[in-house]
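Everything on this sheet refers to the single structure shown next.
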Amino acid sequence: MVKRAIRRSQPASWLLIAIGLHCLVLTIRAQTTIARFSVQLDETRTYIKVTGDIQLLNSTPYLKDIYGLGNIHWSIGGKEIAVKAEKTGNLLVFSQLPSHGQAQISFEIKCKRTPGEGKLNGIYIFENGILACSGFFPGINGLENGLVDIRWNLPPSWELFSGNQGPQKYAVARDRLWAAGKAAFKTEEQLGTVIFKVVVIEGTTLSGGKESLDRINLLFKYAFQNFGPLEGEEYSLILFPKGSIGGYALTRHSLASEQQWMIPVHEILHWWSNLSAPVWLLEGVHSYVAEKMSLKFGLSNEYLFNLYLRTCLYLHQAKVHREGQILSLAESSERFPQDLKYSDIYYLGALFANGLDRAIQAQCPTASLEKVFSLVCKDRHNKFDLMDLIKKETGYDSRSFFDKYFYAKVENPEVLLK
Ligand SMILES: [Zn+2]
Numbered sequence: 003m004v005k006r007a008i009r010r011s012q013p014a015s016w017l018l019i020a021i022g023l024h025c026l027v028l029t030i031r032a033q034t035t036i037a038r039f040s041v042q043l044d045e046t047r048t049y050i051k052v053t054g055d056i057q058l059l060n061s062t063p064y065l066k067d068i069y070g071l072g073n074i075h076w077s078i079g080g081k082e083i084a085v086k087a088e089k090t091g092n093l094l095v096f097s098q099l100p101s102h103g104q105a106q107i108s109f110e111i112k113c114k115r116t117p118g119e120g121k122l123n124g125i126y127i128f129e130n131g132i133l134a135c136s137g138f139f140p141g142i143n144g145l146e147n148g149l150v151d152i153r154w155n156l157p158p159s160w161e162l163f164s165g166n167q168g169p170q171k172y173a174v175a176r177d178r179l180w181a182a183g184k185a186a187f188k189t190e191e192q193l194g195t196v197i198f199k200v201v202v203i204e205g206t207t208l209s210g211g212k213e214s215l216d217r218i219n220l221l222f223k224y225a226f227q228n229f230g231p232l233e234g235e236e237y238s239l240i241l242f243p244k245g246s247i248g249g250y251a252l253t254r255h256s257l258a259s260e261q262q263w264m265i266p267v268h269e270i271l272h273w274w275s276n277l278s279a280p281v282w283l284l285e286g287v288h289s290y291v292a293e294k295m296s297l298k299f300g301l302s303n304e305y306l307f308n309l310y311l312r313t314c315l316y317l318h319q320a321k322v323h324r325e326g327q328i329l330s331l332a333e334s335s336e337r338f339p340q341d342l343k344y345s346d347i348y349y350l351g352a353l354f355a356n357g358l359d360r361a362i363q364a365q366c367p368t369a370s371l372e373k374v375f376s377l378v379c380k381d382r383h384n385k386f387d388l389m390d391l392i393k394k395e396t397g398y399d400s401r402s403f404f405d406k407y408f409y410a411k412v413e414n415p416e417v418l419l420k
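Every number in my numbering is 2 more than the matching position in the sequence shown, counting from 1.
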């Protein structure tokens with residue numbers, strides 16, 4: 003018995019050693035530094051220059067053809083080489099490079115001064131800061147798990163707020179938002195394994211002053227406890243001076259926005275968004291809850307909260323007047339993602355949320371729309387039925403409210419304020 007057991011264990015141990023060696027090779031390959039990139043902002047602050055050393059390792063390097071990309075050069079051992087660049091979709095794919103060895107690349111990307119409408123892309127420069135969105139480091143197919151060493155050469159007194167220097171996983175460096183600048187003040191809070199950073203860029207007039215940073219930290223903690231923990235390690239809120247940028251919730255949990263607390267709070271709450279929710283809930287109800295929470299944590303006051311609802315009413319009415327037609331919230335939501343002019347989901351959507359919140363509280367004084375919202379966020383990886391959830395949580399049957407104010411055209415939206 004024993005002998006047989008020993009005999010049978012021998013091939014098994016060789017197999018284990020072989021698997022172990024294979025894993026070791028894979029680990030070494032994953033931990034090999036496949037590239038070194040250095041990012042430099044030019045003195046006139048009009049473009050960034052990226053220089054890099056890339057281990058070719060049978061890969062096909064490419065660059066995302068983003069706004070302002072130019073002056074691309076390849077060299078080996080200091081000697082410039084001719085490389086074929088072919089446009090495929092929104093990528094510039096490089097060929098005719100040796101399959102192995104080390105090559106150097108350098109290129110420039112012009113910085114944009116003001117972000118336009120819609121999604122952030124490219125590099126944005128401000129008086130005291132820079133934002134670089136994903137996709138400006140060269141792509142290296144098949145080596146996503148390898149390490150890249152990244153250096154930023156920044157103007158004096160600037161520092162990186164989003165992103166780290168030194169060796170890091172290539173796929174993370176490639177996909178993240180990079181932000182740097184001169185900070186007026188910043189805070190860092192640890193919640194479990196998550197770090198929440200707030201950075202206020204020099205020149206930002208913060209409503210509520212520096213003390214409001216404690217309030218935003220408390221709001222984040224409250225959301226973390228009530229809307230469920232977040233995945234990932236780092237979340238940051240970067241506040242830029244007014245007029246430089248709107249509000250954006252970005253992937254890899256980074257965010258840039260301006261000083262009116264309503265916008266940052268709205269963007270922070272997107273970290274808990276249930277993406278199966280319809281757009282009027284994701285944006286309209288979301289804005290209303292953000293306003294309510296700003297009020298709760300002293301980042302706003304009753305006057306500003308009422309002003310917000312009045313402004314929503316005014317903007318909704320101005321839109322109806324301009325277009326000569328009333329659309330129901332259901333109709334505006336259907337058209338919104340394709341056409342930004344149906345942004346009434348933010349105005350009528352917030353008024354609807356206010357009316358619904360009051361109707362819920364009339365039924366059950368201890369319940370609120372925020373409580374329902376927190377359940378949607380908590381279970382954010384699953385689909386849900388909002389009316390069912392409201393009924394279950396608060397006892398309020400919201401069907402007739404939806405029929406009247408969501409599916410039908412609301413002739414007199416002021417009733418939603420009462
Ligand atoms: Zn939003």
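Heads up, the beta-carbon is just placed ideally off N, CA and C, and yes, glycines get one too.
Note that the structure is a prediction, hence the values are computed from the model and not measured.
In its chain, beyond the 5 residues on either side, T396, G397, Y398 have a beta carbon closer than 8 Å to the beta carbon of C366. Minimum Cα-Cα distance from I56 among the listed residues L65, E161, F354, I247 corresponds to L65. The continuous alpha helix (DSSP H) containing Q319 extends over residues 304-325. With 16 or more other Cβ atoms inside 10 Å of its own Cβ, H318 counts as buried. Contact annotation: the region 325-336 does not touch the region 356-372, with fewer than three C-beta pairs closer than 8 Å.
Taken atom to atom, the span from the alpha-carbon of C135 to that of F307 is near 33 Å.
Three or more pairs of CB atoms, one per stretch, sit closer than 8 Å, so the region 181-192 contacts the region 146-164.
At the C-beta level, S61 and G137 stay beyond 9 Å of one another.
Spanning the alpha carbons of L59 and M389 requires a straight line of approximately 55 Å. Note on N130: 16 or more other CB atoms within 10 angstroms of its CB, so buried under the neighbour-count rule. Ranked by Cα distance from H288, the first of L193, S278, V267, E304 is V267.
The straight-line gap separating the alpha-carbon atoms of H383 and L301 is approximately 29 Å. Here F128 is near I203, since their CB atoms are less than 9 Å apart. Going by C-alpha positions, A292 is about 40 Å away from I142. The shortest C-alpha to C-alpha distance from V150 to any of R38, S275, F222, Q192 is the one to R38. In chain order, M389, I392 place their CB closer than 6 Å to the CB of S400, counting only its own chain and leaving out the 5 sequence neighbours on each side.
Residues of the same chain with a CB within less than 6 Å of the CB of K51, apart from the 5 flanking positions on each side, are Q42, E110 in chain order.
In this structure, DSSP gives W274 a helical state, which the three-state scheme calls helix. Between the alpha carbons of S108 and I36 lies a gap of roughly 16 Å.
D67 sits in coil when the DSSP states are folded into three classes, being neither helix nor strand.
Contact annotation: L93 and L71 have beta-carbon atoms that are not nearer than 9 Å. Judged by beta-carbon spacing, F386 lies within the 9 Å limit of S278, meaning their Cβ atoms are closer than that value. Shown here for A175: same chain residues with a beta carbon closer than 7 Å to its own, the five before and five after excluded, namely F139, V150, I152 in chain order. For Q262, the secondary structure class from DSSP, reduced to helix, strand or coil, is coil.
For S97, the enclosing beta strand (DSSP E) stretches over residues 93-97.
Where L241 is concerned, the enclosing beta strand (DSSP E) starts and stops at 236-242. The three-state secondary structure of K212, taken from DSSP, is coil. In the three-state reduction of the DSSP assignment, F139 falls in the coil class.
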